[in-house]
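Reading through the C-alpha cells given below for one structure.
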C-alpha cells in the first residue's frame, strides 16, 4: 500500500480536519499506481451554501487527475437537509518508480535495460504516460533521441520490428498440398502479421506476410 505524506496547507471548509482521513483514504484507494503522494492543498469550491454540515465523497463518479490536481466528486448535506453536488480540488505531488536514462539513446536504437535505472521520482509534471517498472525493453525502440537523465515515457518509443531490413528469412509458398521453401532477405522492417518486401537469392522480389522473426509466407 502506498505511503502517503500529507501536508494540508489549505482547506476552505469549516471543520476541515474532520475530513482529512476521509480524503486520505479515498486517494489512497484511487491512486494506487503511485508509490507516494504529497497533498499540497485541498480547496473547497466557491459558493458553499451556509449551514453545510456534512461532506461525502461521491463514489459513483470518477476521480480525475490532471496536471497536478485531483478532482474529487463530493456530496454536501446542509442543515436544511438540502443536497448539493460539487468537486473538491486537491493539489498533488505524485511519485512513482520510473525508468531514467543513464546515457543518451539515439532514435531508432533498441531500448536496453542496461541504459536505464529504476528510480523513484516525482512525475507530477511529466508529459505522457511513464513506462512502468515492469516495462519490457526487448519489445521497443526509441522513437526519438532520449537525453541522459530523462524519465522514459510511452511517446518516446515504438514497437520493435519482428523482422529487420537485411534479415535472412525462410520464405514459403503453398502449392496445393505441398509447401515450397526458399531463403529470402528482408528489404524492410516488418511486424507480426504485416506485409513486407523480400528478395530471393536469384534477385526476385516478393511480398510476404511476417509470421515470426525467421519465417514469412510469400504471396504469389
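Residue numbers (my numbering): 2 to 221.
All C-beta atoms in this analysis are idealised placements derived from N, C-alpha and C, irrespective of residue type, glycine included.
Quantities reported herein were computed from a predicted structural model and do not represent experimental measurements.
- Using a Cβ-Cβ distance cut-off of 8 Å, the region 97 to 108 and the region 151 to 164 are in contact, since at least three pairs of beta carbons, one from each stretch, lie closer than that value.
- Of the residues 37, 86, 158, 130, the one whose Cα lies closest to the Cα of residue 61 is 86.
- Residue 37 is a Cβ neighbour of residue 96, given a cutoff of 7 Å.
- Closest in C-alpha terms to residue 191, from the list 175, 168, 201, 173, comes 168.
- Inclusion of residue 70 and residue 90 in the CB contact set at 7 Å is warranted, their separation being smaller than that value.
- Only residues of its own chain outside the window of five on either side were considered, and among them 112, 158, 161 have a CB closer than 6 Å to the CB of residue 141, listed in chain order.
- Distance from residue 201 to residue 211 at the Cβ level is roughly 16 Å; contact not present, criterion being Cβ atoms closer than 8 Å.
- Counting along the chain, the unbroken beta strand (DSSP E) around residue 180 starts and ends at 179 to 187.
- As a beta-bridge residue in DSSP terms, residue 196 pairs with 210.
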